[in-house]
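Quick note on this note's numbering: the sequence shown kicks off at 7 and runs consecutively.
All residues carry an ideal CB built from backbone N, CA and C; glycine is no exception.
All values reported here derive from a predicted model rather than from experimental measurement.
Okay, so here's the structure we're looking at.
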Amino acid sequence: MSVATYCICCCRQIGTSGSATKAHLPWYDISKYSSICIDLRGFVFVTYEVLSLKKLLQMDTQAINHEKHKSYVYVRTTSLNPSEYQGITYQARKEIHKAVRKILETEAKFFRRPFNEQFGTFDGEDHECALWLLLKRSQSEDKEVRLQAVQDLANNRHWHDYQYGTVAQTCDQRTAIGLARSKDINLRFFLPPPPMPKIKNDHPIEDELRLLLVSLPQTGLDPCVQYFTSLALRESSQTLAAQRGGLWCFGGNGLPYCETLSKIPSETVELFCLQALVQHSKVSSHCDKIEAKGGLQLLQRIYQQRKDSAKIQRNIIRIIGNMALDERLHSSIVRAGWVSVLAEVMKSPHVIQSSHASRALANLDRDTVTEKYPDGVYVLHPQYRSSQPIRADILFVHGLLGAAFKTWRQQDIDRRSDRKASEGEEDYSQCWPKTWLASDCPALRIISVEYDTHLSDWKAKCPVEAHRKSIAYRSNELLEKLRAAGIGDRPLVWVSHSMGGLLVKKMLVDASKNPEMDKIVNNTRGIIFYSVPHHGSQLAEYSINARYLLFPSVEVKELSKDSPALKELNDDFLSFAKDKKFSVLSFAETLPTHIGGMIKLHVVPLESAELGIGDLIPVDVNHLNICKPKKKDAFLYQRTLKFIQDVLAQEL
7 MSVATYCICC
17 CRQIGTSGSA
27 TKAHLPWYDI
37 SKYSSICIDL
47 RGFVFVTYEV
57 LSLKKLLQMD
67 TQAINHEKHK
77 SYVYVRTTSL
87 NPSEYQGITY
97 QARKEIHKAV
107 RKILETEAKF
117 FRRPFNEQFG
127 TFDGEDHECA
137 LWLLLKRSQS
147 EDKEVRLQAV
157 QDLANNRHWH
167 DYQYGTVAQT
177 CDQRTAIGLA
187 RSKDINLRFF
197 LPPPPMPKIK
207 NDHPIEDELR
217 LLLVSLPQTG
227 LDPCVQYFTS
237 LALRESSQTL
247 AAQRGGLWCF
257 GGNGLPYCET
267 LSKIPSETVE
277 LFCLQALVQH
287 SKVSSHCDKI
297 EAKGGLQLLQ
307 RIYQQRKDSA
317 KIQRNIIRII
327 GNMALDERLH
337 SSIVRAGWVS
347 VLAEVMKSPH
357 VIQSSHASRA
367 LANLDRDTVT
377 EKYPDGVYVL
387 HPQYRSSQPI
397 RADILFVHGL
407 LGAAFKTWRQ
417 QDIDRRSDRK
427 ASEGEEDYSQ
437 CWPKTWLASD
447 CPALRIISVE
457 YDTHLSDWKA
467 KCPVEAHRKS
477 IAYRSNELLE
487 KLRAAGIGDR
497 PLVWVSHSMG
507 GLLVKKMLVD
517 ASKNPEMDKI
527 VNNTRGIIFY
537 SVPHHGSQLA
547 EYSINARYLL
557 FPSVEVKELS
567 KDSPALKELN
577 DDFLSFAKDK
587 KFSVLSFAET
597 LPTHIGGMIK
607 LHVVPLESAE
617 LGIGDLIPVD
627 VNHLNICKPK
637 KKDAFLYQRT
647 LKFIQDVLAQ
657 EL
């Protein structure tokens with residue numbers, strides 16, 4: 007029934023109802039209301055417009071009006087310019103809806119009937135409809151509209167609690183991931199992880215992990231994956247045996263423990279099992295099995311219970327990051343509550359934790375990230391969604407026994423001898439490429455790679471570990487990972503320390519021989535070498551004990567002074583590096599490095615750090631500190647920054 011018809015019926019009721027003695031309403035009163043119904047066709051059109059707008063908005067008006075009684079929140083409306091929607095048509099509809107509302111309110115008051123609140127939001131102001139319009143736009147098929155809506159949601163700082171909750175409950179998977187990758191995001195945008203079912207007392211977490219490992223394929227595996235799995239299962243079996251009573255020993259190739267029944271190190275057992283799961287998560291088919299067996303929920307339970315163990319949490323997020331490489335598992339990861347966890351870890355002040363979370367979210371975000379980041383490849387900048395276009399890539403490669411983060415930290419502060427430095431410790435950089443370089447060159451994508459020198463945090467020896475530590479093996483392995491991460495698609499600068507420089511040379515030589523890797527060589531603009539032993543190291547001349555402190559045996563053999571393998575690598579590199587006219591900058595240590603408490607030596611002497619092309623700059627530091635600037639205005643960092651800005655001047 008149209009509004010006009012409804013009004014006529016109401017007037018008829020006025021004229022026919024009531025006692026016989028009461029006079030009819032005067033015609034001038036009736037004419038006041040009959041004027042509402044002048045044009046039946048016009049009100050039919052109004053009714054149509056009201057219903058069409060209702061269908062357009064598709065919002066739960068009852069929930070909105072219920073919450074309006076609790077709070078009245080104004081938000082910025084700059085992103086809700088009516089011209090972005092229907093222009094003058096939108097404005098006309100809005101005015102019509104306001105008029106209709108006034109009519110209906112007047113009718114309700116006159117007949118003393120409750121006003122239908124469903125009509126109260128048809129002419130909702132921008133601050134009332136903003137949230138729902140943004141949510142609708144965040145699901146648009148137009149990518150630009152979608153991304154802008156997520157950005158507007160994240161940037162608005164005036165949402166109320168119930169509005170955050172509304173977004174958390176109604177946004178789709180893509181929007182939740184986009185919000186998690188937005189800088190300074192409010193965590194109220196995310197639902198907490200779903201409650202986990204309780205485990206019976208006779209099934210502790212380590213048993214659940216053990217059962218998960220047993221359910222994964224055990225044959226046809228990479229030898230190291232198989233070895234780590236069997237080691238974890240053996241050690242967890244010792245825990246089960248210990249529960250049956252008596253003194254027990256937790257050892258094998260792991261950490262030695264001899265504990266009483268009341269002090270079973272369950273955390274250590276969990277670390278063994280999680281390390282094995284890390285290896286399994288590198289295999290795509292195994293990720294499917296982990297998800298099917300409820301592994302995501304089990305890992306969530308362990309993560310929540312082990313908030314006091316950064317190592318356990320880091321291993322778990324590493325597993326999630328590996329599983330996120332498979333887009334088929336994204337929905338399962340989101341449903342298990344990992345987006346809210348990763349968004350929270352992104353805010354961690356610890357660069358290792360936040361970078362692991364950043365990698366996992368980047369692998370989940372298929373809206374703005376085309377690359378995939380395999381295990382050991384970390385984006386230091388940008389870690390959030392950004393409108394800043396990326397012009398070039400900087401790739402950091404550490405040496406053996408180094409790491410993607412700790413190798414590139416600021417030089418350690420000596421509190422005893424440097425009071426001023428100690429007072430400024432709050433400004434200490436855990437990773438100067440992430441803090442200093444990112445602020446000086448925001449248009450760069452900064453990546454740091456990591457490769458395990460022991461292939462596990464607990465230093466277990468894998469039977470094929472020696473083979474894996476050769477420069478040739480690592481070169482092939484890293485090239486495949488870097489290709490997946492999009493290295494070579496933009497101009498590139500390499501930064502390397504110690505044996506990492508040999509690895510960079512080997513990768514470039516291998517890439518030059520592979521047509522599929524040509525882009526990496528052709529887009530290389532420059533290379534920085536920090537104390538790289540191009541011609542070998544004196545370390546190989548010292549005792550086995552001294553060697554073990556820095557380099558495992560395979561690497562030591564490859565580092566032998568005047569090694570034929572090193573000479574061949576250097577010749578191959580120089581033969582095409584000169585043709586490509588790479589810009590090269592080398593730094594060399596001049597101070598000895600303490601090896602243990604008894605030996606001091608120049609790990610890489612000046613003559614070995616001389617490549618044969620580019621500049622060589624001696625610096626009064628030891629081998630460990632050659633890549634760790636003392637402060638941002640120190641010569642080491644400023645010279646490095648100038649080199650990067652010079653070779654990328656056109657791009658920056």
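- Per DSSP, reduced to three states, the secondary structure at His503 is strand.
- Exposed is the label assigned to Gly226, since fewer than 16 other Cβ atoms lie within 10 Å of its Cβ.
- DSSP places Thr274 within a helical segment (H, G or I) once states are collapsed to three.
- About 13 Å separates the CB atoms of Tyr390 and Arg365; that is not less than 8 Å, and the two are not in contact.
- A buried status is given to Ala517, since no fewer than 16 other beta-carbon atoms sit within 10 Å of its beta-carbon.
- Judged by beta-carbon spacing, Glu276 lies beyond the 8 Å limit of Ile323, meaning their Cβ atoms are not closer than that value.
- With respect to the C-alpha of Gly300, the residue from Glu214, Cys230 and Ala316 having the closest C-alpha is Glu214.
- The DSSP assignment places 589-595 and 599-601 as complete runs of the beta strand (DSSP E) inside the region 566-605, in order along the chain (cut-off: 3 residues).
- Only buried fits Ile325, as 16 or more other CB atoms lie within 10 angstroms of its CB.
- Collapsing the DSSP output to three states places Phe117 in coil.
- With fewer than 16 other Cβ atoms inside 10 Å of its own Cβ, Asp621 counts as exposed.
- If you draw a 10 Å sphere on the C-beta of Asp158, you find 16 or more other C-beta atoms in it, and that means buried.
- Per DSSP, Arg531 is not a residue of any alpha helix (DSSP H); the beta strand (DSSP E) it occupies stretches across Thr530 to Tyr536.
- Here Pro539 is buried: its Cβ has 16 or more other Cβ atoms, across all protein chains shown, within 10 Å.
- Distance between Glu486 and Glu377, taken at the CA atoms: about 13 Å.
- According to the DSSP assignment, Arg480 belongs to the alpha helix (DSSP H) that extends over Ile477 to Ala490.
- Within the region 388-453, the runs of beta strand (DSSP E) that reach at least 3 residues and sit entirely inside it are, in chain order, 398-403.
- For the pair Ile493 and Ser188, the Cα-to-Cα distance works out to about 24 Å.
- Look at Ile623 here: in three-state DSSP terms it is strand.
- Between the region 412-419 and the region 518-532, the count of Cβ pairs shorter than 8 Å is below three; the stretches do not touch.
- Residues Arg415, Gln416, Thr441 and Trp442 of the same chain have their beta carbon placed closer than 7 Å to that of Ser435, with the five preceding and five following residues left out of the count.
- Between Ser272 and the set Ile308, Val284, Ser287 and Tyr170, the nearest pair of CA atoms involves Ile308.
- Contact between Pro223 and His292 is confirmed by a C-beta separation of about 7 Å, below the 8 Å threshold.
- In the DSSP annotation of this structure, the continuous segment of the alpha helix (DSSP H) that includes Arg645 starts and ends at Phe641 to Val653.
- DSSP places Leu386 in the strand class (E or B) of the three-state scheme.
- At the C-beta level, Val590 and Leu617 come within 8 Å of one another.
- Bridge partners of Val455 according to DSSP: Val383 and Val403.
- Taking 8 Å as the cut-off, the Cβ atoms of His286 and Gly405 do not count as close.
- According to the DSSP assignment, Gln311 belongs to the alpha helix (DSSP H) that extends over Gly301 to Gln311.
- The bridge partners DSSP lists for Leu607 are Thr599.
- Assignment of beta-bridge partners to Leu498 by DSSP yields Asp399 and Thr530.
- For a cut-off of 8 Å, the C-beta gap from Tyr536 to Cys633 is around 4 Å, short enough to register as a contact.
- Counting the other Cβ atoms within 10 Å of the Cβ of Ala615 gives 16 or more, which makes it buried.
- About 20 Å separates the CB atoms of Asp381 and Ile183; that is not less than 8 Å, and the two are not in contact.
- Spatial neighbours of Leu283 in its own chain (CB-CB distance under 6 Å, excluding positions within 5 residues in sequence) are listed in chain order as Ile325.
- Taking 8 Å as the cut-off, the Cβ atoms of Phe278 and Leu217 do not count as close.
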